[in-house]
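Under the working numbering, read the sequence shown as residues 2 to 449, first letter to last.
See structure below.
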Amino acid sequence: MSAFFSTVKQWFTRSPHETRNTNTKTTMTESKHIITRDQHSVSRKDISDNALKVLYRLNKAGYDAFLVGGGVRDILLGLHPKDFDITTNATPEQIRSLFRNSRIIGRRFKLVHIMFGRDIIEVATFRAHCDSNIEQAKEGMILRDNVYGTIEEDAERRDFTVNALYYSVKDFSVHDYCGGLTDLRKRQLRMIGDPETRYREDPVRMLRAVRLATKLNLSIEPKTLEPITKLAPLMEQVPAARLFEEYRKMFLSGKGEDTFKALQELGLLQKLFPATDTLLAEHQDFETFIHAALENTDKRIASDNTVNPAFLIAVFLWQPLLERAHQLETKGMNFNDAFFKSMGYMLSEQSRYISIPKRYSLVIRDIWALQVRLPQRFGKKVWSVLSHPRFRAAYDFLMLRAESDPSLREVADWWTKFQDADKATQQAMLPKNKRRKGKRRRKPKGND
Ligand code: ATP
Ligand code: MG
Numbered sequence: 002m003s004a005f006f007s008t009v010k011q012w013f014t015r016s017p018h019e020t021r022n023t024n025t026k027t028t029m030t031e032s033k034h035i036i037t038r039d040q041h042s043v044s045r046k047d048i049s050d051n052a053l054k055v056l057y058r059l060n061k062a063g064y065d066a067f068l069v070g071g072g073v074r075d076i077l078l079g080l081h082p083k084d085f086d087i088t089t090n091a092t093p094e095q096i097r098s099l100f101r102n103s104r105i106i107g108r109r110f111k112l113v114h115i116m117f118g119r120d121i122i123e124v125a126t127f128r129a130h131c132d133s134n135i136e137q138a139k140e141g142m143i144l145r146d147n148v149y150g151t152i153e154e155d156a157e158r159r160d161f162t163v164n165a166l167y168y169s170v171k172d173f174s175v176h177d178y179c180g181g182l183t184d185l186r187k188r189q190l191r192m193i194g195d196p197e198t199r200y201r202e203d204p205v206r207m208l209r210a211v212r213l214a215t216k217l218n219l220s221i222e223p224k225t226l227e228p229i230t231k232l233a234p235l236m237e238q239v240p241a242a243r244l245f246e247e248y249r250k251m252f253l254s255g256k257g258e259d260t261f262k263a264l265q266e267l268g269l270l271q272k273l274f275p276a277t278d279t280l281l282a283e284h285q286d287f288e289t290f291i292h293a294a295l296e297n298t299d300k301r302i303a304s305d306n307t308v309n310p311a312f313l314i315a316v317f318l319w320q321p322l323l324e325r326a327h328q329l330e331t332k333g334m335n336f337n338d339a340f341f342k343s344m345g346y347m348l349s350e351q352s353r354y355i356s357i358p359k360r361y362s363l364v365i366r367d368i369w370a371l372q373v374r375l376p377q378r379f380g381k382k383v384w385s386v387l388s389h390p391r392f393r394a395a396y397d398f399l400m401l402r403a404e405s406d407p408s409l410r411e412v413a414d415w416w417t418k419f420q421d422a423d424k425a426t427q428q429a430m431l432p433k434n435k436r437r438k439g440k441r442r443r444k445p446k447g448n449d
């Protein structure tokens, strides 16, 4: 059983009274509320100048335009949004003609990216209800006519009620179509519409539920939480490249540890990192290692240090890699060959679920390969390890391994001291050139 504190149980039990008496309906007409400026906390001060520029220009050209999604939600929660999404009744072509610094992206559903140097504001046209005709249509005018809709329809096809809040700079009001404000007050994440249907439409919403609840410290409303474990196998239908993007968002936004626990408890980890999930149950020290790495990553993010998405994947696949290498060893291969052969195997197995771009799989290989080299502290090898571009990551990896494996303490401490020591100390730390062991002694002369 997982030694981690039960995050999911916490979701179920957090303020139980808050989830009762939920009269908020998700049908559009019944729950539309316009909240005037004096009754909400969204201020233009909290919105980036570029997002405001886009909103004003669209309004000036006669279109409706709203800030939506995380941008509004996070401000209402007193947080700083990481990006600002805008939605409008202007078509992509109309948006494009208003902004010279823009480009249309996407094929089935077009979006417009408006570039302000490195800052990109994404603008989407109100989207119509997902219906099977749209799903089946391949291309052409009919599809396009059906894809764009009204703001009410746009709200209904968003995932959670708290993500369907629209802020207008025309009158600074917030439009709430699905009861998102009530849910925000209750600090709960609730799926718009029937949760099971919405997860079946797009299984990534299960990951978004976990990620957003964890990131924003919201409870997941019981009906929204309930189908997840049963539907977790749907994750297999999601393209591996999209899952890599979700992996990044889940683990590189500062709440990786909590997210990991929740994914594990809901059965989602098994669908993302199956080899990891299986071995976690069998190896307490592997769990300790992962726990330490996630905690360390969250701390790095909190103090604005860089984190490479490759590092945690290297951690998650470490025990599976060792197991595979041991299997090959029992078949007669020497450990080094078995270890290096298993690296490629593990990476390609994992890529069936979450595709790992080559620039990251190369980093993972380096981190792993250096685990073999770090304990060998002889002569020139030490200098080539120290100057390796991945030394720092590999050393951090070793330090984390040492937390669950005391036999690595000595070598980890040695590297801690060695890398920062002056040249003289470093020389003194290196083993002296001893006579090579096993050198054949000359036969004493004249004995025959
Ligand atoms: P953050 O940007 O903080 O990670 P977000 O909710 O803004 O969170 P985005 O990926 O930027 O996430 O999406 C913007 C908005 O688009 C969401 O708030 C939601 O309304 C909608 N959305 C995103 N993904 C989905 C999805 N899979 N299904 C339905 N709506 C979605
Ligand atoms: Mg966003």
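Every residue gets a Cβ at the ideal spot worked out from N, C-alpha and C, and that includes glycine.
These numbers come from a predicted model, not from an experiment.
{"Asked": "With a threshold of 6 angstroms on Cβ separation, who are the neighbours of E258 within its own chain once the five nearest residues in sequence on each side are excluded?", "Found": "L295, E296 and D299"}
{"Asked": "Have a look at L144 and I357 and give me their C-alpha separation to the nearest angstrom.", "Found": "Unreliable placement is indicated for L144, whose pLDDT of 39 sits below 50; the coordinate value is still reported in the next sentence. About 33 angstroms."}
{"Asked": "When DSSP labels each residue in this structure, what does V43 get in the three-state scheme?", "Found": "coil"}
{"Asked": "Which of helix, strand or coil does DSSP assign to V69?", "Found": "strand"}
{"Asked": "DSSP puts R366 in a beta bridge; with which residues?", "Found": "None, per the DSSP bridge assignment."}
{"Asked": "Which residue marks the beginning of the beta strand (DSSP E) containing L166, and which one marks its end?", "Found": "L166 to Y168"}
{"Asked": "Using the Cα positions of P234 and I355, report the straight-line distance between them to the nearest angstrom.", "Found": "14 angstroms"}
{"Asked": "For P223 and I229, I'd like the C-alpha separation in whole angstroms.", "Found": "10 angstroms"}
{"Asked": "Whole angstroms are fine: how far does the CA of E154 sit from the CA of T28?", "Found": "The pLDDT assigned to T28 is 41, lower than 50, so where the model puts this residue is not dependable; a value taken from the coordinates is nonetheless given after this. Roughly 10 angstroms separates the two Cα atoms."}
{"Asked": "Kindly indicate the opening and closing residues of the beta strand (DSSP E) around F117.", "Found": "L112 to F117"}
{"Asked": "Is the beta carbon of D84 within less than 8 angstroms of some heavy atom of the ligand MG?", "Found": "yes"}
{"Asked": "Apart from the five residues on each side of it in sequence, which residues of its chain come closer than 6 angstroms, Cβ to Cβ, to D75?", "Found": "P82"}
{"Asked": "Please confirm whether any heavy atom of the ligand ATP lies closer than 8 angstroms to the CB of V205.", "Found": "yes"}
{"Asked": "Select from L99, M116, P93 and S98 the residue whose C-alpha is nearest the C-alpha of R108.", "Found": "P93"}
{"Asked": "So, F161 versus R191, is the Cβ gap smaller than 9 angstroms?", "Found": "yes"}
{"Asked": "In angstroms with no decimal places, state the Cα-to-Cα distance between F336 and H327.", "Found": "7 angstroms"}
{"Asked": "Alpha carbon to alpha carbon, what distance is there between H176 and G72?", "Found": "14 angstroms"}
{"Asked": "My output table needs one value for I48: the three-state DSSP class, helix, strand or coil.", "Found": "coil"}
{"Asked": "In angstroms with no decimal places, state the Cα-to-Cα distance between F340 and D65.", "Found": "59 angstroms"}
{"Asked": "I'd like the span of the beta strand (DSSP E) that includes H34, first residue to last.", "Found": "H34 to I36"}
{"Asked": "Could you spell out the range, first to last residue, of the beta strand (DSSP E) harbouring T88?", "Found": "D86 to T89"}
{"Asked": "Find out if the Cβ-Cβ distance for the pair R188, S220 is shorter than 9 angstroms.", "Found": "yes"}
{"Asked": "Between which two residues does the beta strand (DSSP E) containing R104 stretch?", "Found": "S103 to I106"}
{"Asked": "At a cut-off of 8 angstroms, is G255 close to the ligand MN when judged by its beta-carbon and the heavy atoms of the ligand?", "Found": "Absent from the structure shown: the ligand MN. Ligands present: the ligand ATP and the ligand MG."}
{"Asked": "Using alpha carbons as the reference points, say which of L166, H114 and A91 lies closest to A52.", "Found": "H114"}
{"Asked": "Taking 8 angstroms as the limit between beta carbons, can you name the residues of its chain near I291, skipping five residues before and five after?", "Found": "F261, T277, L281, V316 and F317"}
{"Asked": "Comparing C-alpha positions only, which one of P204, A395, A165 and F117 sits nearest to F67?", "Found": "A165"}
{"Asked": "By the DSSP assignment, the alpha helix (DSSP H) with I314 in it spans what residues?", "Found": "P310 to F317"}
{"Asked": "Give a single yes or no on whether G107 has its beta carbon closer than 8 angstroms to a heavy atom of the ligand ATP.", "Found": "no"}
{"Asked": "Can you determine whether any heavy atom of the ligand MG sits closer than 8 angstroms to the C-beta of G70, and answer yes or no?", "Found": "yes"}
{"Asked": "Which of helix, strand or coil does DSSP assign to S254?", "Found": "coil"}
{"Asked": "Report, in whole angstroms, the separation of the C-beta atoms of V124 and V211, which I expect to be a contact under 8 angstroms.", "Found": "The pair is not a contact, with the Cβ atoms about 28 angstroms apart (cut-off 8 angstroms)."}
{"Asked": "According to DSSP, is Y396 part of a helix, a strand, or is it coil?", "Found": "helix"}
{"Asked": "If we call anything under 9 angstroms between Cβ atoms a contact, is Y361 one with N306?", "Found": "no"}
{"Asked": "Can you name, in chain order, every residue of its own chain whose Cβ lies under 8 angstroms from the Cβ of L120, other than the five neighbours on each side?", "Found": "The sequence given here places Asp at residue 120; Leu does not occur at that position. These residues qualify, in order along the chain: S49 and N51."}
{"Asked": "Using DSSP's beta-bridge definition, name the partner residues of E123.", "Found": "D86 and H114"}
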